[in-house]
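Asks:
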Amino acid sequence: MAYKPPKQSLAGQIFDVLTLLVLTIGALYIPLYLGLAGAVKVPNPIANPTWEALGQNAAEQQQWAALGITDPAAANDIITARFDYSFSWAALIVMAVLVIGYFVMVVRLSDREYREVIEERFGDKKR
Amino acid sequence: MDTWNYLEYAAWALSALFGVLMLIDLVRIDTTYDNELLISSREGEIEATAERHEI
Amino acid sequence: MANVTSTAAEPERLQLLRVLGPAHIWALGVGIVLVGEYMGWNFSVGKGGMIAGLIACWVAGLLYTCVAMIDSEVTSTVAAAGGQYAQAKHIVGPLMAFNVGLFLVMAYTMLEAANAITVGFLLDTVAGMQGHSGLNQQPFIILAIMFLAWLNYRGVLATLTFNLVITAVAFVAIITLFIAVQFGASNVPLDFSAITSDPLPYGWVGIVASLHFGLWYYLGIEGTCQAAEEVRSPARSLPYGTMAGIMTLLIAATMTWYVCSGLIPWEYLGQAGTPLFDAARVTGSTSLMVLLFVGTTFATLASANGCINDASRAWFSMGRDRYLPSWFGAVHPVYRTPYRAIVFLVPIALIFALGAPLDQVVTFSILSGLLGYTFMTFNMVMFRNKWPLDTIKRGYVHPFHPLPTIVLLILCSTAYFAVFLGYGTQLSAMMCFYIVASLWFHFRRYQFVRRGDQFTMPWPKPQGY
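Protein chains in written order, with UniProt numbering: chain A, 1 to 127; chain B, 1 to 55; chain C, 1 to 465.
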């Protein structure tokens, strides 16, 4: 007994595509709008910047000049900016649970569907 | 107005051209051919003929 | 339910055109990825310093060597347009396949958007150097996507031959820059003193963090399998093209790191938009600058081109199986391309290219890729368990199983942690997206799918079922 899927109407097809689109765009833009997105480098500019104080040797100063930056003050923010890698263990655990839980869920549901496929494909009538 | 401004307009025009070419062809094909033929492709046809994966 | 063997004899079936050889596979794989050498990888230097950037380059290289080996074996056996999507469908199950299909479409569409953004940025830089400030980047972004979509629409052979040429030029540009710098073409000396004076600005955690963007050196090499239905001899060409591709990239990645780290202060390099072009600027040689400008443009176009190709194949395959509306499963009767999928994905790419910042788009793409690599680990184990080596003939059998799988899983876990450092919100948002989409598929969409028809390979029944 092969499973006979219902025929989908055009409106239904369009509706399904729109659902997926809304989900996709939502996933990308919601973190953006909530302002939660992105790692920010925080500059810690030093007072009275000179190339030496910024730790740039002669060759590096030449390189900065070739990139169009001759004034150490202009490079101050770029050179001193650092990421903040402190994180909360709670957030890490939430993420781990999400990722692992997701894969477990998908594989289990897939397996249920897969048994049906194999049943129908290799069932008694076929071979 | 310099070269870059002209390039901007050229880019707009060409984008529109390629978009319209694709859309016209899409509409033409969809109205000329039967949809059942268009979506008749099936996966695994080469396996059925050439690559049997048998040892 | 139709038997597969009999359907081949029926007339009036539209198929994708089988015209590609191994060189096209190389061009598709390397073409998508090579842009990573021209932009994006350098953020790994920003996240961990110069040494961390090099370690990330090699660790990610190891990760992708595992990916290429695993992928070559499965795909030389499951030769279908969806690539990993068709693999998942035959080996793990329908819901996994739907998710993998989404990973592919997302990863490639986002990468395509990132490429278009880079084209706009690069033209803006050049216009700025010529004294034209405030270039409107939008028309160039749109043109890049429209032109390549049109090219894809018109046929796969022309598309990938075009890719072969521009990828080769971009690759030669990197080698030329490396050799020229070695022979003293640069006015400014190479300087690696930061390796000793400022070795690990973030300590060891910086090395892990930099792996996030280290993936960017190679992201997309697995896209070679999407062309499976258009290759003349998939069992031979796919492993060959993919392996040649990963070797090309390992060479290019190391050269890129060497030239850029030597010529650009790492603090600048870590936030640069177009690092190789900047390195050429530092040398002070106009011809190198022009060459690397051409290289950057070609690399981004080749990548966007390959992405359109791959994303549309995945979308098309899902439509063909009714995972998505069957309307998308159409083949163009003249050009033999999945034309509806190609056209449909154009506005989506435009939404992301015009509306979202580059690092977001890149992260979204990397995450989708990463989820796909995680899938490959258990996919491989299940493949060997359900069909041991003596049950079906494989075009390529990868050595040392299960070592590559284990290495890949460890590296993937590390990469998740690397993304989590700084982009945890996106990771959570993405996981929620895939969970909701999975539930939607399982409880609503799957009713329209024909069960037995999904299994199209002429294989024996899997063991254990």
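Just so it is clear, CB atoms sit at the ideal spot from N, CA and C, and this is done for glycine as well.
Express the C-alpha separation of L14(B) and T254(C) in angstroms, rounding to a whole number.
Replies: Here the question's residue 254(C) lines up with position 254 in the third sequence. Here the question's residue 14(B) lines up with position 14 in the second sequence. If I take the Cα positions, the gap works out to 38 Å.
Asks: I need the boundaries of the alpha helix (DSSP H) containing W64(A), first residue and last residue.
Replies: The residue labelled residue 64(A) in the question sits at position 64 within the first sequence. That run of the alpha helix (DSSP H) goes 58–66.
Asks: Looking at the structure shown, is T5(C) part of a helix, part of a strand, or coil, going by DSSP?
Replies: Counting from one through the third sequence, the residue named residue 5(C) turns up at place 5. Low confidence applies to T5(C): its pLDDT is 41, below 50, so where it sits in the model is not reliable, and the reading given next is rough at best. The DSSP-derived three-state label of T5(C) is helix.
Asks: Compare the Cα-Cα distances from Y29(A) to each of A356(C), V419(C), A114(C) and report the closest residue.
Replies: Your numbering for residue 29(A) matches position 29 in the first sequence. If we check each option's Cα against that of Y29(A), A356(C) comes out closest.
Asks: So the candidates are H90(C), L301(C), L143(C); which of them puts its Cα closest to the Cα of V165(C)?
Replies: The residue labelled residue 165(C) in the question sits at position 165 within the third sequence. Among H90(C), L301(C), L143(C), the Cα nearest to that of V165(C) is on L301(C).
Asks: Measure from the alpha carbon of L98(A) to the alpha carbon of each residue in F448(C), W459(C), F420(C), then state which is nearest.
Replies: Taking the first residue of the first sequence as 1, we reach residue 98(A) at position 98. The shortest C-alpha to C-alpha distance from L98(A) to any of F448(C), W459(C), F420(C) is the one to F420(C).
Asks: What are the boundary residues of the alpha helix (DSSP H) that F352(C) is part of?
Replies: Walking along the third sequence from the start, residue 352(C) turns up at place 352. Segment 339–355, the alpha helix (DSSP H) holding F352(C).
Asks: At the level of alpha carbons, what is the spacing between S6(C) and P458(C)?
Replies: Stepping through the third sequence from its first residue, residue 6(C) is reached at position 6. Stepping through the third sequence from its first residue, residue 458(C) is reached at position 458. Below a pLDDT of 50, predicted positions are generally treated as unreliable, and S6(C), at 40, falls in that range; the measurement from the model is reported next regardless. Going from the Cα of S6(C) to the Cα of P458(C) covers about 12 Å.
Asks: Using the Cβ count rule (16 or more neighbours within 10 Å means buried), how would you classify R445(C)?
Replies: Start at 1 with the first residue of the third sequence, and residue 445(C) comes out as number 445. Buried.
Asks: Beta-carbon within less than 8 Å of Y202(C)'s beta-carbon, same chain only, minus the 5 sequence neighbours each way: which residues are those?
Replies: In the third sequence, the residue the question calls residue 202(C) occupies position 202. K47, G48, G49, A52, A209, listed in sequence order.
Asks: So which residues of chain A does N99(C) contact, with C-beta pairs closer than 8 Å?
Replies: Residue 99(C) sits at position 99 when you count from the first residue of the third sequence. In chain order: V106.
Asks: Would you tell me roughly how many angstroms separate the C-alpha atoms of L102(C) and T161(C), rounded to the nearest one?
Replies: Position 102 of the third sequence, counting from 1, holds the residue named residue 102(C). Position 161 of the third sequence, counting from 1, holds the residue named residue 161(C). In a straight line, the C-alpha of L102(C) is about 27 Å away from that of T161(C).
Asks: Can you find the residues in the same chain that come closer than 6 Å, C-beta to C-beta, to A314(C), ignoring five residues on each side of it along the sequence?
Replies: Here residue 314(C) corresponds to residue number 314 of the third sequence, with the count starting at 1. Contacts found: G82, Y85, G101, L104, V105.
Asks: Count the other CB atoms, across all protein chains shown, that sit within 10 Å of the CB of W89(A); report buried if there are 16 or more and exposed otherwise.
Replies: One-based indexing of the first sequence puts residue 89(A) at position 89. That one is exposed.
Asks: Does the beta-carbon distance from I69(A) to I351(C) come in below 8 Å?
Replies: Here residue 69(A) corresponds to residue number 69 of the first sequence, with the count starting at 1. Here residue 351(C) corresponds to residue number 351 of the third sequence, with the count starting at 1. The answer is no: Cβ separation not under 8 Å.
Asks: Less than 8 Å between CB atoms is the rule here; does N136(C) satisfy it with respect to chain B?
Replies: The residue you call residue 136(C) lines up with position 136 of the third sequence. Closer than 8 Å: yes.
Asks: Quick check on K7(A): buried or exposed, where buried means 16 or more other Cβ atoms within 10 Å of its Cβ?
Replies: Taking the first sequence and counting its residues from 1, the one referred to as residue 7(A) is at position 7. Exposed is the label assigned to K7(A), since fewer than 16 other Cβ atoms lie within 10 Å of its Cβ.
Asks: My output table needs one value for L408(C): the three-state DSSP class, helix, strand or coil.
Replies: Here residue 408(C) is taken as the residue at index 408 of the third sequence, counted from 1. Helix, per DSSP.
Asks: So, T65(C) versus I207(C), is the Cβ gap smaller than 8 Å?
Replies: By 1-based counting over the third sequence, the position of residue 65(C) is 65. By 1-based counting over the third sequence, the position of residue 207(C) is 207. Result no, Cβ atoms of T65(C) and I207(C) do not sit closer than 8 Å.
Asks: So, does the CB of Y33(B) fall closer than 8 Å to a CB anywhere in chain C?
Replies: Locating residue 33(B) in the second sequence gives position 33, where the first residue counts as 1. Output row for Y33(B): interface = yes.
Asks: At the level of alpha carbons, what is the spacing between A47(A) and A279(C)?
Replies: Residue 47(A) sits at position 47 when you count from the first residue of the first sequence. Residue 279(C) sits at position 279 when you count from the first residue of the third sequence. In this structure, the alpha-carbon of A47(A) lies about 29 Å from that of A279(C).
Asks: Flag this pair as touching only if the segment 140–148 of chain C and the segment 7–25 of chain B have three or more C-beta atom pairs under 8 Å; answer yes or no.
Replies: yes
Asks: Do three or more CB pairs link the segment 437–456 of chain C to the segment 379–392 of chain C at distances below 8 Å?
Replies: no
Asks: Taking the alpha helix (DSSP H) that residue 470(C) belongs to, which residues open and close that run?
Replies: Nothing about residue 470(C) can be reported from this structure: the residues present for chain C run from 1 to 465 only.
Asks: Looking at C-beta atoms only, is the number of pairs between the segment 30–39 of chain C and the segment 209–223 of chain C that lie closer than 8 Å three or more?
Replies: yes
Asks: Drop a sphere of 10 angstroms on the beta-carbon of E52(A), count the other beta-carbons inside from all chains shown, and report buried for 16 or more, exposed for fewer.
Replies: Locating residue 52(A) in the first sequence gives position 52, where the first residue counts as 1. Exposed: under 16 other Cβ atoms inside 10 Å.
Asks: Would you report the Cα separation of A228(C) and I195(C), rounded to the nearest angstrom?
Replies: Translated into positions along the third sequence, residue 228(C) becomes position 228. Translated into positions along the third sequence, residue 195(C) becomes position 195. Approximately 44 Å, taken between the alpha carbons.
Asks: Across which residues does DSSP place V231(C) in a beta bridge pair?
Replies: For the purposes of this step, residue 231(C) is taken as residue 231 along the third sequence, with counting starting at 1. Answer is L20(C), bridged to V231(C).
Asks: Could you tell me which whole beta strand (DSSP E) segments of length 3 or greater appear in the segment 382–445 of chain C?
Replies: none
Asks: Is N76(A) close to chain C, meaning its C-beta is less than 8 Å from at least one C-beta of that chain?
Replies: By one-based count along the first sequence, residue 76(A) stands at place 76. N76(A) does not count as touching chain C.
Asks: Among the residues of its own chain, which have a CB less than 6 Å from the CB of T77(C), if the five just before and after it don't count?
Replies: Taking the first residue of the third sequence as 1, we reach residue 77(C) at position 77. R394.
Asks: E10(C) by DSSP, collapsed to three states: which one?
Replies: Locating residue 10(C) in the third sequence gives position 10, counting from the first residue. With a pLDDT of 48 at E10(C), under the threshold of 50, the modelled position of this residue cannot be trusted; read the value that follows with caution. Residue state, collapsed to three classes: coil.
Asks: Is there at least one non-hydrogen atom of the ligand SAH closer than 7 Å to the beta-carbon of A107(C)?
Replies: Ligands are entirely absent from the displayed structure, and the ligand SAH is therefore not among its contents.
Asks: Pull up the DSSP beta-bridge partners for R82(A), would you.
Replies: Locating residue 82(A) in the first sequence gives position 82, counting from the first residue. Paired residue(s): V42(A).
Asks: Assuming E36(B) is part of the alpha helix (DSSP H), what are its boundary residues?
Replies: Reading the second sequence from its first residue, position 36 is the one you call residue 36(B). 35–38 is the extent of the alpha helix (DSSP H) around E36(B).
Asks: Taking the beta carbon of W257(C) as the centre, do at least 16 other beta carbons fall within 10 Å, making it buried, or is it exposed?
Replies: Numbered from 1 along the third sequence, position 257 holds the residue referred to as residue 257(C). Burial call: buried.
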